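One structure is given here, and the rest of the page talks about it.
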Amino acid sequence: MAQPAISHPRSVPLSIPVRDVLPWAIFAGVLALALIYFVGAEQGATSLISGDLVHEFVHDGRHLLGFPCH
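Residue 1 is where the sequence shown starts when you use full-length UniProt numbering, and the numbers rise one by one after that.
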C-alpha cells in the first residue's frame, strides 16, 4: 500500500515596509559615526573631550581597527 505524499507548508517571505526600517537604519548610522569618531579621531585638534580619558579607553580598539595614535 502506498503512503500518501506529505505536503509541507511553503514559507512566504515577510515584507517589511521601508518606513518601519528607516528610523532604525538612521539610528544605527548615527551610532556608527559616533563610534568611528571616538575611536578614530578623538585626539588632538578635533578633540571634544579634554584629557586622555577617551583615548586611553579606546586605545586597543584604535590599533585593532588600524588607526594610528602614536
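Glycine included, every Cβ here is placed at the ideal spot set by N, Cα and C. In this text the structure is predicted, and so the values were computed from the model without any measurement.
key: Through-space distance from A41 to A28, alpha-carbon basis   = Roughly 19 angstroms separates the two Cα atoms.
task = Compare the Cα-Cα distances from L64 to each of I36, L48, L14 and report the closest residue.
result = For L64, the closest C-alpha among the options I36, L48, L14 is that of I36.
message = Here's the rule: buried if 16 or more other CB atoms are within 10 angstroms of the residue's CB, otherwise exposed. What is V18?
response = Classified as exposed, V18 has fewer than 16 neighbouring CB atoms from the shown chains inside 10 Å of its CB.
message = Cutting at 8 angstroms between CB atoms, please list the residues of its own chain near F38, excluding the five before and the five after it.
response = Take F38, set aside five residues on each side of it, and the residues of its chain with a beta-carbon closer than 8 angstroms to its own are V54, V58, in chain order.
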